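Mapping of the sequence shown onto UniProt numbering: residues 1 to 212, in sequence order.
Worksheet for the structure shown next.
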Amino acid sequence: MDARLLSGRSDDELPSHREEEPTSTAIAVAAFISLAVLACGALLLVSLLAWGIFMMLTTRLPVFSVTVDRFAGLEDRVPRAFNLTLGIDNLGGEYDVCVGGEAVVLYGGVPLAVGRVEELCVPRNGAADLAVVAASGGVGALAELMAGEKRADGAVHAEVRVISAKHSWFLSSTTALEKGAARPYPCKKSSLVDESDGVRPDSSSGTPGAPL
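Below, the structure is given as structure tokens:
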């Protein structure tokens, strides 16, 4: 009787390992896909980090400088004049740098001379020097104000601003007006809200405009 009952059981009632095989295969495939996705994500992250480090090491912002090559008329009864050199170092830059507009030489916030700055674009990984002449029809300067400063360190410190209204920014540099070998002074680049910002000091800090 038991033999007949056992022999009468259908194949559906018997446990089958064939039903477990598809499930195990699906789990294995899903795990493999997950690992592949994670590996691709990790590789992408490492690549982005490597690219970022490479860009940081090989690129930098443009560097500007101003050199006062010659000047005259600070105290003498002759018109004031300044021969300037604007240096643009775009080595390692990511984009072209363009200047153009006017240069203003100030002492104590008072404009002493103004000159035109020609339009010039320096390409990526390039550098250039631009000659600028700033002059004034007036004569002499604030001799009494300058006298104390000259006694202190032997030089008068003036500010040179290069205003590029077309490009919405300007440069500011404090330079020493001294006889002898001229040397470049670094410039700070600032945003230009309107053209008067290039000459009008900031009310809170005494420096024009807002730094970029």
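Built from N, CA and C at the ideal position, the CB exists for glycine as well.
Predicted model only: the values in this text are computed from it and were never measured.
Quick one: using the 10 Å Cβ neighbour count with 16 as the cut-off for buried, is residue 281 buried or exposed?
Only positions 1 to 212 of the chain appear in this structure, which leaves residue 281 out of reach.
Using the Cα positions of G87 and T67, report the straight-line distance between them to the nearest angstrom.
Here residue 87 corresponds to residue number 87 of the sequence shown, with the count starting at 1. Here residue 67 corresponds to residue number 67 of the sequence shown, with the count starting at 1. Cα to Cα, the separation comes out at about 8 Å.
Answer with buried or exposed for P123, where buried requires no fewer than 16 other C-beta atoms within 10 angstroms of its C-beta.
Stepping through the sequence shown from its first residue, residue 123 is reached at position 123. That one is exposed.
In this structure, how does DSSP classify S168 when only helix, strand and coil are distinguished?
Stepping through the sequence shown from its first residue, residue 168 is reached at position 168. Coil.
Can you give the Cα-Cα distance for R60 and M146, rounded to whole angstroms?
For the purposes of this step, residue 60 is taken as residue 60 along the sequence shown, with counting starting at 1. For the purposes of this step, residue 146 is taken as residue 146 along the sequence shown, with counting starting at 1. Going by the C-alpha atoms only, they are around 38 Å apart.
Is the separation between the beta-carbon of A155 and that of E118 shorter than 7 Å?
Translated into positions along the sequence shown, residue 155 becomes position 155. Translated into positions along the sequence shown, residue 118 becomes position 118. No, Cβ-Cβ distance for A155 and E118 is not below 7 Å.
Could you give the DSSP three-state label for A31: helix, strand or coil?
On the sequence shown, position 31 is the one that residue 31 refers to. The answer is helix: DSSP assigns A31 an H, G or I state.
For C187, the three-state DSSP class (helix, strand or coil):
Numbered from its first residue, the sequence shown carries residue 187 at position 187. Looking at C187 - three-state DSSP - the assignment turns out to be coil, as it is neither helix nor strand.
Tell me which residues share the same chain as D89 and place their Cβ nearer than 6 Å to its Cβ, disregarding the 5 neighbours each side in the sequence.
For the purposes of this step, residue 89 is taken as residue 89 along the sequence shown, with counting starting at 1. V63, A127, listed in sequence order.
Can you tell which of D96, V160, F170, Y95 has the C-alpha that lies nearest to the C-alpha of F82?
By one-based count along the sequence shown, residue 82 stands at place 82. Of D96, V160, F170, Y95, the residue nearest in Cα terms is V160.
Closest by C-alpha distance to S164, when choosing among C121, T174, P186, G180
What you label residue 164 is simply residue 164 of the sequence shown in a count that begins at 1. When each option's Cα is compared against that of S164, the closest is C121.
Host beta strand (DSSP E) of G87 (start-end)
Against the sequence shown, residue 87 aligns to sequence position 87. It spans 79-89 - the beta strand (DSSP E) in which G87 sits, taken as one unbroken run.
In the structure shown, what three-state DSSP assignment does V46 receive?
For the purposes of this step, residue 46 is identified with residue 46 of the sequence shown, where counting begins at 1. V46 falls in the helix class under three-state DSSP.
Residue 271: which of A134, S136, A72, V162 sits nearest, CA to CA?
It is not possible to answer for residue 271, since the shown part of the chain is limited to 1 through 212.
Beta-carbon contacts of P111 that lie in its chain and below 6 Å, excluding the five residues immediately before and after:
The residue labelled residue 111 in the question sits at position 111 within the sequence shown. V104.
Could you name the residues of the same chain whose beta carbon sits closer than 8 Å to that of P186, not counting the 5 residues immediately before and after it, in chain order?
Here residue 186 refers to the residue found at position 186 of the sequence shown. Same-chain partners within the cutoff: V63, F64, S65, S173.
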